[in-house]
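One structure below.
Encoded structure:
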């Protein structure tokens, strides 16, 4: 718990550290979340691209992280000052010209559709019923 200077209220988040974070749209980040299962707490990473940062550094600030997991796009909206977040690591910074990268959603879907178009069905190698060749065993019996 961290005491704030002005109010003296304890907060589980280091507010000064979170304010100092320089996260922008286009950054690839790894967000470490605290997950509580029964009586144990563990850390789980969520790594992806920041597609939106809303409300700057104020109390209600949020950022949206998007990743593709098993071919499905997953987005999570994290409050900047949430006590559930253990740490935020910036892995990569991309040069972007937009504040909100919502067009990435459609771009990813189009790219998958394009890849699916290039996949062709291979011909089936099993013979059909009309083409089946049945080998017969010929047993010769001695004739007298």
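In my numbering, the protein residues as written are 7 to 150. Note that CB positions come from ideal geometry on N, CA and C, so glycine has one too. In this text, all values refer to a predicted model and were calculated from it rather than measured experimentally.
{"Item": "Own chain residues within Cβ distance below 6 Å of residue 19, not counting five before or after", "Value": "87 and 89"}
{"Item": "Residue 52 CB to nearest heavy atom of the ligand NAD below 7 Å", "Value": "Inclusion of the ligand NAD in the displayed structure is not the case, the ligand content being empty and no account of it being possible."}
{"Item": "Whole-Å CB distance - residue 52 paired with residue 71, under 8 Å assumed", "Value": "6 Å"}
{"Item": "Delimiting residues of the alpha helix (DSSP H) encompassing residue 116", "Value": "109-124"}
{"Item": "Backbone secondary structure at residue 105 - three-state DSSP", "Value": "coil"}
{"Item": "Member of 48, 91, 116 and 22 whose CA lies at the smallest distance from the CA of residue 68", "Value": "91"}
{"Item": "Entirely enclosed beta strand (DSSP E) segments - the region 13-67, minimum 3 residues", "Value": "33-43 and 46-60"}
{"Item": "Neighbourhood of residue 110 by C-beta, 8 Å cutoff - its chain only, sequence neighbours within 5 removed", "Value": "55, 57 and 72"}
{"Item": "Close-in-space but distant-in-sequence residues of the same chain around residue 115 (CB under 7 Å, 5 per side omitted)", "Value": "none"}
{"Item": "Terminal residues of the beta strand (DSSP E) in which residue 85 lies", "Value": "78-85"}
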